[in-house]
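Asker: What follows is a structure written as structure tokens; I'll ask about it next.
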Amino acid sequence: MDLVVNGVEHSLDLDPRTTLLDTLREHLGLTGSKKGCDHGQCGACTVLLDGRRVNSCLILAISQQGASVTTIEGVDHPVQQKFVEHDGFQCGYCTPGQICSAVGMLDEVAKGWPSAIGDEELTDAEIRERMSGNLCRCGAYPNMIPAIREAAGR
Amino acid sequence: MKTFTYRTATDVAQGLEPGATFLAGGTNLVDLMKLGVATPDVLVDVNRLGLGEVGDLPGGGLRIGAGVRNSDLAADPRVRRDYPVLSEALLAGASGQLRNMATTAGNLLQRTRCRYFMDATMPCNKRRPGSGCPAREGDHRNLAILGASPSCVATHPSDMAVALAALDAVVRISGPAGERTVPVTELHRLPGDTPDRDTVLEHGELITAVDVPSLGFAARSAYRKVRDRASYAFAVGSVAAAAQITDGTVTDVRLAFGAVAHKPWRAFAAEEALRGRPATRESFRAAADAELAAAEPLRDNAFKVPLIRNLVASVLEGLA
Ligand SMILES: Cc1cc2nc3c(=O)[nH]c(=O)nc-3n(C[C@H](O)[C@H](O)[C@H](O)COP(=O)(O)OP(=O)(O)OC[C@H]3O[C@@H](n4cnc5c(N)ncnc54)[C@H](O)[C@@H]3O)c2cc1C
Ligand code: SF4
Chain H
1 MDLVVNGVEH SLDLDPRTTL LDTLREHLGL TGSKKGCDHG QCGACTVLLD GRRVNSCLIL
61 AISQQGASVT TIEGVDHPVQ QKFVEHDGFQ CGYCTPGQIC SAVGMLDEVA KGWPSAIGDE
121 ELTDAEIRER MSGNLCRCGA YPNMIPAIRE AAGR
Chain C
1001 MKTFTYRTAT DVAQGLEPGA TFLAGGTNLV DLMKLGVATP DVLVDVNRLG LGEVGDLPGG
1061 GLRIGAGVRN SDLAADPRVR RDYPVLSEAL LAGASGQLRN MATTAGNLLQ RTRCRYFMDA
1121 TMPCNKRRPG SGCPAREGDH RNLAILGASP SCVATHPSDM AVALAALDAV VRISGPAGER
1181 TVPVTELHRL PGDTPDRDTV LEHGELITAV DVPSLGFAAR SAYRKVRDRA SYAFAVGSVA
1241 AAAQITDGTV TDVRLAFGAV AHKPWRAFAA EEALRGRPAT RESFRAAADA ELAAAEPLRD
1301 NAFKVPLIRN LVASVLEGLA
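So the protein lines, in turn, are chains H and C. With the first letter of the first sequence counted as 1, position 120 gets the number 120 in the working numbering; the numbers rise by one all the way through. For the working numbering, count along the second sequence from 1 and bump the result up by 1000.
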């Protein structure tokens, strides 16, 4: 099957059981995307699939013939610098997923997608709700919020 | 994970293969395959069937393609304007990442389940008929209070389905024997003696769309979900409601409850009790009680009865 990862085309011969996450990590050596729970509950495996944030652990790679994937290795976005400035992490394990998720989330906000909070602006409550699919065991959330808020230009 | 054959279908007829299991967003199915709970031999990928659009029905209402992603549906301007309860229910479910993959049909057909169902080392009548139900005496705090049976007390976890049940939505189905339609309220079964079957679908039947009929007063509708953390958790109890209130009287109403039964629970008795009544907290609570009279809570989930009663009252007060 063919997959474009971070702009590079790959031709892969995979066992149909291989998840997108394992494809990235074990077959392409892109270990930035992390395996946390492996069941879609923690968000550490978040990547951008054709521009949208998804959990790569619950996707069979074989179902994504021709798709374009962006992993943390391919992300170039202001949110990264803001995470450094605000110390938006401790151990760093969830960080690639947090960043990919934030990039996807900011794009959703730009498209005018609603959230369960329903605020007009990207308030801190909105950021928390929209980022709730990414858990951080260290509890570095308080520093991620301003990082994401500033990356959004607020 | 057990091995399987994978194939992509590009039109509905091609997808109808007896014995096949359909793969949509995969957020439930792939999870269950990893756990050894689902062991399909043949996976037919339905993501390229072209069922990803939301269309207008002649005479009002929407036809939601089976493959429309939950995130796209929640953001659809027609859904937000005409059926806020549906947009709110979708946004209350799962996470941004999961909603980007999850589809209309996949969400409806995610397994009715409990933690024992997800653990292949445990007995479970749903997973292995006749093996027993550890939830009855075990962890059932979040399980059913309505319509359960001695063989199974699991709940259907979907938020979206609760809104669709309240809205009289109808599921469009294609199968080896032709096409048919089933109201969302009749799609899921109560467990009875055969909890292994979640729905009335036959093997090989494919959902192609869900029709949501026009309902003028659904523009005033809401979904309220209670859960153990502020976001990204399954419901402990939820209520979908639409109400038409004229001069302080409830002239029409739609109510459905989530996380209380093996299926999204349309509260017909509560609706009946409320029509023609004054739009007051007292009548809202009395209506909820008319429905909850049938509740048979387990040791640790009796709290759901007052929870649902209070939710009904507060959601309807918000709409009044
Ligand atoms: C961590 C986590 C948290 C979650 N939290 C919530 C929550 O709070 N609220 C909530 O409502 N949901 C929640 N979910 C569940 C999620 O909404 C479902 O997994 C999702 O909606 C399933 O859709 P899918 O397209 O990925 O289905 P799939 O996993 O692809 O399929 C599910 C089932 O539907 C069948 N199927 C799919 N399409 C068709 C079709 N067209 N015709 C016939 N059969 C079909 C499949 O064969 C399979 O049996 C959560 C899931 C996870 C992993
Ligand atoms: S409640 Fe149903 S799904 Fe859960 S263990 Fe009992 S039989 Fe299985």
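Beta carbons are placed, not taken as given, at the ideal position from N, Cα and C, and that holds for glycine.
#1: Measuring CA to CA, which of C:H1262, C:E1296 and C:V1054 is closest to A1075 (chain C)?
#2: Among residues of its own chain, excluding the 5 on either side of N134 (chain H), which ones have a beta-carbon nearer than 7 Å to its beta-carbon?
#3: Can you have a look at K111 (chain H) and say buried or exposed, based on whether 16 or more other CB atoms are within 10 angstroms of its CB?
#4: Roughly how many whole angstroms lie between the Cα atoms of D1031 (chain C) and L58 (chain H)?
#5: Based on Cα-Cα distance, which residue from C:P1129, C:A1009, C:A1166 and C:G1192 lies nearest to R1220 (chain C)?
#6: To be precise: take each residue of the stretch 127 to 141 of chain H, compare its Cβ to all Cβ atoms of chain C, and keep it if any distance is under 9 Å. Which residues remain?
#7: Can you have a look at G1096 (chain C) and say buried or exposed, based on whether 16 or more other CB atoms are within 10 angstroms of its CB?
#8: Select from the stretch 93 to 116 of chain H all residues with a C-beta closer than 8 Å to any C-beta belonging to chain C, and list them in chain order.
#9: Tell me whether the stretch 112 to 123 of chain H and the stretch 1015 to 1026 of chain C touch, counting them as touching only if at least three CB pairs, one residue from each stretch, are closer than 8 Å.
#10: In chain C, which residues lie with their C-beta within 7 Å of the C-beta of V54 (chain H)?
#11: So for D1211 (chain C), helix, strand or coil by DSSP?
#12: Check the Cβ of L1023 (chain C) against every Cβ in chain H and list those closer than 8 Å, keeping chain order.
#13: Given 6 Å as the limit, tell me if L1016 (chain C) has its C-beta closer than that to any heavy atom belonging to ligand 1.
#14: Can you find a CB in chain H that lies within less than 7 Å of the CB of A1092 (chain C)?
#15: Go through the stretch 1110 to 1189 of chain C residue by residue and report every complete run of the alpha helix (DSSP H) that reaches 4 residues or more, in order.
#16: Alpha carbon to alpha carbon, how far is S1071 (chain C) from G1052 (chain C)? Give it in angstroms, no decimals.
#17: Work out the CA separation of G1036 (chain C) and R1197 (chain C) for me, nearest whole Å.
#18: Going by DSSP in three states, Y141 (chain H) sits in which element: helix, strand or coil?
#19: Let me see if you follow: with CB-CB separation under 7 Å, is Y1232 (chain C) close to chain H or not?
#20: Below 8 Å on the Cβ atoms is my guess for R1281 (chain C) versus A1240 (chain C); work out the distance and round it to an integer in Å.
#21: Given the structure, does F1117 (chain C) come close to ligand 2, in the sense that its CB is under 6 Å from one of the ligand's heavy atoms?
#22: Which residues does DSSP pair with Y1006 (chain C) in a beta bridge?
#23: Looking at ligand 1, does it come within less than 6 Å of F1022 (chain C), judged from the CB to the closest heavy atom?
#24: With DSSP as the reference, label H1262 (chain C) as helix, strand or coil.
#25: Just the Cα atoms here: how many angstroms apart are A1013 (chain C) and T1185 (chain C)?
#26: Where does P1018 (chain C) land, buried or exposed, given buried means 16+ other C-beta within 10 angstroms?
#27: Any C-beta of chain C sitting closer than 7 Å to the C-beta of T71 (chain H)?
#28: Along the chain, where does the alpha helix (DSSP H) containing R1080 (chain C) start, and where does it finish?
#29: Return no unless some Cβ of chain C is closer than 7 Å to the Cβ of R17 (chain H).
#30: Please identify, using Cβ separations under 8 Å, the residues of the stretch 1058 to 1079 of chain C that lie next to chain H, in order along the chain.
#31: Would you report the Cα separation of R1229 (chain C) and A116 (chain H), rounded to the nearest angstrom?
#32: What number of angstroms, rounded off, separates the C-alpha of A1173 (chain C) from the C-alpha of A61 (chain H)?
#33: With a 10 Å radius around its C-beta and 16 neighbouring C-beta atoms as the bar for buried, classify G1050 (chain C) as buried or exposed.
#34: Have a look at H39 (chain H) and D1289 (chain C) and give me their C-alpha separation to the nearest angstrom.
#35: Taking beta-carbon pairs under 8 Å, can you tell me which members of the stretch 23 to 46 of chain H lie near chain C?
#36: Mind pulling the chain H residues with CB within less than 7 Å of S1283 (chain C)?
Answerer: In short, the structure shows the following:
#1: Residue 1075 (chain C) sits at position 75 when you count from the first residue of the second sequence. If we check each option's Cα against that of A1075 (chain C), C:V1054 comes out closest.
#2: On the first sequence, position 134 is the one that residue 134 (chain H) refers to. G43, T46, C94, G97, Q98 and S101.
#3: On the first sequence, residue 111 (chain H) is found 111 positions in, with the first residue counted as 1. Exposed, because fewer than 16 other Cβ atoms sit within 10 Å of the Cβ of K111 (chain H).
#4: Start at 1 with the first residue of the second sequence, and residue 1031 (chain C) comes out as number 31. Start at 1 with the first residue of the first sequence, and residue 58 (chain H) comes out as number 58. Roughly 6 Å separates the two Cα atoms.
#5: Residue mapping note: residue 1220 (chain C) aligns to position 220 of the second sequence, counting from 1. When only C-alpha atoms are compared, the closest one is C:A1166.
#6: R128, E129, R130, M131, S132, G133, N134 and L135
#7: What you label residue 1096 (chain C) is simply residue 96 of the second sequence in a count that begins at 1. Looking at its Cβ environment, which holds 16 or more other Cβ atoms inside 10 Å, G1096 (chain C) is buried.
#8: S101, G104, M105, E108, K111, G112, W113, P114, S115 and A116
#9: no
#10: Here the question's residue 54 (chain H) lines up with position 54 in the first sequence. Near V54 (chain H) (Cβ distances below 7 Å), the residues of chain C are Q1097, N1100 and M1101.
#11: For the purposes of this step, residue 1211 (chain C) is taken as the residue at position 211 of the second sequence. D1211 (chain C) falls in the strand class under three-state DSSP.
#12: Within the second sequence, residue 1023 (chain C) is the residue found at index 23, counting from 1. Residues of chain H passing the Cβ test: L60 and S63.
#13: The residue given as residue 1016 (chain C) occupies position 16 in the second sequence. No, Cβ of L1016 (chain C) sits at least 6 Å from all heavy atoms of ligand 1.
#14: Taking the first residue of the second sequence as position 1, residue 1092 (chain C) is located at position 92. Yes, A1092 (chain C) counts as interfacial toward chain H.
#15: 1160 to 1166 and 1184 to 1187
#16: Locating residue 1052 (chain C) in the second sequence gives position 52, where the first residue counts as 1. Locating residue 1071 (chain C) in the second sequence gives position 71, where the first residue counts as 1. Those two C-alpha atoms are separated by around 12 Å.
#17: Here residue 1197 (chain C) refers to the residue found at position 197 when the second sequence is read from its first residue. Here residue 1036 (chain C) refers to the residue found at position 36 when the second sequence is read from its first residue. So the alpha carbons of these two residues sit roughly 18 Å apart.
#18: Here residue 141 (chain H) refers to the residue found at position 141 of the first sequence. In the structure shown, Y141 (chain H) sits in a helix (DSSP, three-state: H, G or I).
#19: As a first step, residue 1232 (chain C) is located in the second sequence; it is residue number 232 there, counting from the start. Cβ-Cβ to chain H under 7 Å: yes for Y1232 (chain C).
#20: Position 281 of the second sequence, counting from 1, holds the residue named residue 1281 (chain C). Position 240 of the second sequence, counting from 1, holds the residue named residue 1240 (chain C). Wrong, their Cβ atoms sit about 19 Å apart, outside the cutoff.
#21: By one-based count along the second sequence, residue 1117 (chain C) stands at place 117. Yes, since a heavy atom of ligand 2 falls inside the 6 Å radius drawn around the Cβ of F1117 (chain C).
#22: Here residue 1006 (chain C) corresponds to residue number 6 of the second sequence, with the count starting at 1. Answer by DSSP bridge pairing, in chain order: C:L1043.
#23: Position 22 of the second sequence holds residue 1022 (chain C). Result yes, Cβ under 6 Å from ligand 1.
#24: The residue labelled residue 1262 (chain C) in the question sits at position 262 within the second sequence. H1262 (chain C) falls in the coil class under three-state DSSP.
#25: Residue mapping note: residue 1013 (chain C) aligns to position 13 of the second sequence, counting from 1. Residue mapping note: residue 1185 (chain C) aligns to position 185 of the second sequence, counting from 1. C-alpha separation (whole angstroms): 26 Å.
#26: As a first step, residue 1018 (chain C) must be located in the second sequence, where it is residue number 18. Under this definition P1018 (chain C) is an exposed residue.
#27: Working through the first sequence from its first residue, we reach residue 71 (chain H) at position 71. Cβ-Cβ to chain C under 7 Å: no for T71 (chain H).
#28: To locate residue 1080 (chain C), count along the second sequence from 1; it is residue 80. Looking at the DSSP string, the run of the alpha helix (DSSP H) that includes R1080 (chain C) is P1077 to D1082.
#29: Numbered from 1 along the first sequence, position 17 holds the residue referred to as residue 17 (chain H). R17 (chain H) counts as touching chain C.
#30: S1071, A1074 and A1075
#31: Sequence index remark: in the second sequence, residue 1229 (chain C) carries index 229 (1-based). Sequence index remark: in the first sequence, residue 116 (chain H) carries index 116 (1-based). Those two C-alpha atoms are separated by around 14 Å.
#32: Translated into the one-based positions of the second sequence, residue 1173 (chain C) becomes position 173. Translated into the one-based positions of the first sequence, residue 61 (chain H) becomes position 61. The amino acid at residue 1173 (chain C) is misidentified as Ala; the sequence shows Ile. About 28 Å.
#33: The count along the second sequence starts at 1 and reaches residue 1050 (chain C) at position 50. When all chains shown are included, G1050 (chain C) counts as exposed.
#34: The residue you call residue 39 (chain H) lines up with position 39 of the first sequence. The residue you call residue 1289 (chain C) lines up with position 289 of the second sequence. Spanning the two alpha carbons is a distance of roughly 38 Å.
#35: D38, H39, G40, G43 and T46
#36: As a first step, residue 1283 (chain C) must be located in the second sequence, where it is residue number 283. Result: empty, since nearest Cβ-Cβ is about 28 Å, beyond 7 Å.
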